Amino acid sequence: MRAIDRLLQAWRISKAKQYVRAGDRLLDVGCFDQRLLDKVASRIASGVGIDPYATPLLLGNIEVVRGWFPNDLTAEAGQFDCISMLAVMEHVERPEEVARECFRLLRPGGRVVITAPRALVDKILAVLFSLRLIDGIHCEQHHGYEVDQTRQFFEDAGFVLNEYRTFQLGLNCLFVFEKPMFQAEVAGGSAVTDGFSRLAG
């Protein structure tokens, strides 16, 4: 990674890590070089990272798995308190499936922290890559993701949006979704929240 790649990565981490709480069981999807896990390792109960390009690791309270989410992750329902996905959704082919799996893996009250760029970022990255200022990590794998669809994908899976903000001059978006404490099952098997559960968030 070049200096600008590192800067952009550090910027995303600085925005997201504040939502990782002391004692959390964290899943970092797309952990790459496990930098976020390293930043929060001293205050979380445990951390699992998964990335197709990661170096497998089991050290202390941190485990890194080389593979694709969700297919290559073995985890129990409700196993995690927080799931982070930084610059991941634009690489995902089936975002609805990812949102549903996050819902399954989180305990009630758990959080998903997401950063995702706006479409214009691809054009900016292409210019920087052509000038050899960035490595442009796997930009060719972007799937034309529309960041404004993020809320719908995760609310359809049963989440409630707790926070939304932009950074990097409005080119990047941060979402924090919460799995409600209480759910009711409805016909078709989808989970919905009732009035009380929305207040509980």
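Here the sequence shown is numbered in our numbering, starting from 1303 and rising by one per residue. Note that the Cβ used here is the ideal one computed from N, Cα and C, for glycine as well. The structure presented is a predicted model; accordingly, all values stated were derived computationally and were not measured.
For residue i, the residue or residues it bridges with in DSSP
i, result
"residue 1334", "Its beta-bridge partners do not exist; DSSP assigns none."
"residue 1329", "1350, 1385"
"residue 1475", "1418, 1468"
"residue 1364", "1349, 1361"
"residue 1463", "1479"
"residue 1408", "1382"
"residue 1413", "1384, 1480"
C-beta contact flag for residue i and residue j at 9 Å
i, j, result
"residue 1363", "residue 1377", "no"
"residue 1408", "residue 1481", "yes"
"residue 1332", "residue 1388", "yes"
"residue 1452", "residue 1477", "yes"
"residue 1406", "residue 1380", "yes"
"residue 1337", "residue 1318", "no"
Buried versus exposed, by CB contacts within 10 Å (16 or more), residue i
i, result
"residue 1386", "buried"
"residue 1412", "buried"
"residue 1410", "exposed"
"residue 1327", "buried"
"residue 1422", "Confidence in residue 1422 is poor, its pLDDT being 49 and thus under 50, which makes the residue's placement too unreliable to answer from."
"residue 1358", "exposed"
"residue 1458", "exposed"
"residue 1450", "exposed"
"residue 1425", "A caution first: residue 1425 carries a pLDDT of 48, below 50, which makes its placement in the model unreliable, though a value can still be read off. With fewer than 16 other Cβ atoms within 10 Å, it is exposed."
"residue 1447", "buried"
"residue 1471", "exposed"
Expected contact under 8 Å - CB spacing of residue i and residue j to nearest Å
i, j, result
"residue 1474", "residue 1417", "6 Å"
"residue 1414", "residue 1461", "7 Å"
"residue 1398", "residue 1419", "Between residue 1419 and residue 1398 the Cβ distance is about 20 Å, and since that is not below 8 Å, they are no contact."
Exercise for the section: Would you be able to state if there are at least three C-beta pairs under 8 Å between the segment 1396 to 1403 and the segment 1345 to 1356? Expected result: Taking 8 Å as the limit for Cβ pairs, the verdict is that the segment 1396 to 1403 does not touch the segment 1345 to 1356.
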